[in-house]
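Notes follow the structure.
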Amino acid sequence: MTAPSPTYRLDKSLGLFAIVASAVTQEYGAGINFIVPQSIGVYPGIANLVPLAMFATGMVIFLKVFLYARFSEAMPRAGSSYVWTVRALNLPFGFILHFVWWASITAAMGFIAFAFGTFLGNALIAAGIAGGHAILTPPGHLIAGLAALWIIYAIHVAGIRDYGRLVTILLILVALTAIAVCVIGFATSPAAFVRAASARTGLTLAPPAHPAPFDLHAFLAVCTLFIFAYGGLSGAPALSGEARDAAHTMPRGILFAWITSVVLFTLVSAALLHAAPWWAAAALIAQKHAALVTAPGILGLAAPHAVAAIIGLVIALIVGKTLAPQMVVTSRMVFAWAEDGLLPPVFAETSHRRAPVAALTLTVVLASLFLIQATYIGWAFGVVARSITILLVWLAVAIAALNLRLNPRLRSSPWSEPFRRSLFTIPIALLSIVVTIAFIRSVIILPHTPFYVQPLFQGGVMALIGAALYLRARAIHPDLAATTATLPLE
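Be aware that the sequence shown starts at 0, since it is given in numbering that gives the first Met the number 0, and climbs by one per residue.
Right under this line is the structure:
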């Protein structure tokens, strides 16, 4: 007698292109348009090596790509790295770590919703539309950010097929915008940018008489910041529960997304900092003209007014669209926790369109609260803390891969096979451990920064909250750990 086929709650309809589009559109946003040029202000010792740091970070990220591709082949599930680390290591460790990661992404959604208002308001002003000034006020930031969050929420509730169509269109938009930025950036001479910036600000911008020697600490610190830009690769496997033939489609999607991101990020960062030389960017930031050292700001000085205005509006849309794939990551993580009994079962339920509405609702409500905080109080969970959580998850995934490869107790586990057959598992996992620890050490303590915004303090608070949630779930379900002996359905 044939066993009944499982009843899936998620819609398994996404193909390879949608997976690549989701990862790249999550990555190409505030990171490349804001953080990359602004990194010179935080670490001026990086000098003219920002594009090299972006490329080097992308090359190092291949270690992570290899591990994520192997795990996506072995355990293609909606909970992605949470499911992997829990099954290969330990339930409380995996949950608490991923709760901190999840909190950082949810907080980042609030920040990006706020940044969307900034980019949109400035773009409208540059286009000669007076309404841009209203958006730059606190109420304007809040209204624009809430509109972005809840419109994207509505698209998600409509079903994953609509999301797949959205990110496919957005990937095309990202590619066209990146091409335009590269053409303008490489066609603009540094001297022309300096003249335009000096005329705009009244500053005298000149290169240093004696450039400083190579600063290894600044280079590593900037590479760590750029982990934020490549963070979308961490979220790509969240679609494993909704991909067709996920065990084969997801690994290829992660690889193609990585290649696309490295090429786009390296070319765009090189183009921006070809037009705006590093010493001019550093001086503008130091003299309170940081708005000119963003992608829209640089293009506003380098391109004809009409072209810069159009690209500025498109970049604002690109920054806002980052919320769509981030909502996938956070909601599917909640879905996976509910599957394992860590959260109430309502969060593992789906609508008639097979969307996890309760998980999506929790995500958008919390992101809205973080937006309110960013608008009226200030940004609390910083970019560095977000980068560190990404690195910690990568570190845990590397340790999990080693455990699956070397632990004899896991030899019979069906999900250890992809790691045992590969000769590269051990060296890549070991290199990942070395790289992540080196990056984390470079930024774990921020100089001249209050304790409450230190990454160590913020992560510790989130870890305590995660531990409390785990203990509560274990009190309700004493046999909670037994659920991790097998994979969840989706």
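Beta carbons: idealized from backbone N, C-alpha and C, even for Gly.
Could you have a look at residue i and say whether DSSP puts it in helix, strand or coil?
i       : result
Asn-121 : helix
Leu-298 : helix
Ala-467 : helix
Ala-395 : helix
Leu-13  : strand
Ala-242 : strand
Thr-1   : Confidence at Thr-1 is low in this model, with a pLDDT of 44, below 50, so its placement is unreliable and no value can be given for it.
Lys-287 : coil
Thr-483 : helix
Thr-362 : helix
Gln-453 : coil
Tyr-67  : helix
Asp-214 : coil
Ile-171 : helix
Tyr-375 : helix
Tyr-162 : helix
Ser-421 : coil
Gly-340 : coil
Pro-207 : coil
Taking Cβ to Cβ, would you say residue i is nearer than 8 Å to residue j?
i       : j       : result
Gln-267 : Ile-31  : A small fix is needed here, since residue 267 is Val in this sequence, not Gln. Cβ distance < 8 Å, so Val-267 and Ile-31 count as in contact.
Ala-279 : Thr-24  : no
Tyr-67  : Ala-335 : no
Ser-421 : Arg-69  : yes
Val-99  : Met-332 : no
Ala-373 : Gly-109 : yes
Leu-90  : Ala-480 : yes
Gly-340 : Ala-474 : no
Pro-50  : Ala-281 : no
Ala-290 : Gly-184 : no
Leu-48  : Phe-218 : yes
Pro-36  : Ala-294 : yes
For my contact list, residue i and residue j are in at a C-beta cut-off of 8 Å; report their separation, rounded to the angstrom.
i       : j       : result
Gly-116 : Gly-130 : Not quite, the Cβ-Cβ distance comes to about 12 Å (not below 8 Å), so this is no contact.
Leu-361 : Tyr-27  : No, Leu-361 and Tyr-27 are not in contact; Cβ-Cβ is about 26 Å, not under 8 Å.
Phe-369 : Cys-222 : That pair is no contact at about 26 Å.
Ser-415 : Leu-429 : With a Cβ gap of about 18 Å, Ser-415 and Leu-429 do not count as contacting.
Phe-192 : Leu-300 : 6 Å
Leu-13  : Ala-305 : About 37 Å; that fails the 8 Å criterion.
Phe-423 : Phe-65  : 7 Å
Leu-172 : Val-313 : 7 Å
If I follow the unbroken alpha helix (DSSP H) through residue i, where does it start and stop?
i       : result
Ile-31  : Ile-31 -> no alpha helix (DSSP H), and no H or E assigned at all.
Arg-194 : 189-200
Glu-348 : Here Glu-348 belongs to no alpha helix (DSSP H), and DSSP marks it neither H nor E.
Trp-414 : Element bounds for Trp-414: n/a, residue is neither H nor E.
His-304 : 304-320
Val-438 : Per the sequence presented here, residue 438 reads as Phe, with Val not at that position. Unbroken alpha helix (DSSP H) run through Phe-438: 424-442.
Val-292 : First-last for Val-292: undefined, no H or E at that position.
Ile-154 : 137-156
Ala-87  : 80-87
Leu-232 : 231-234
Ala-133 : 130-134
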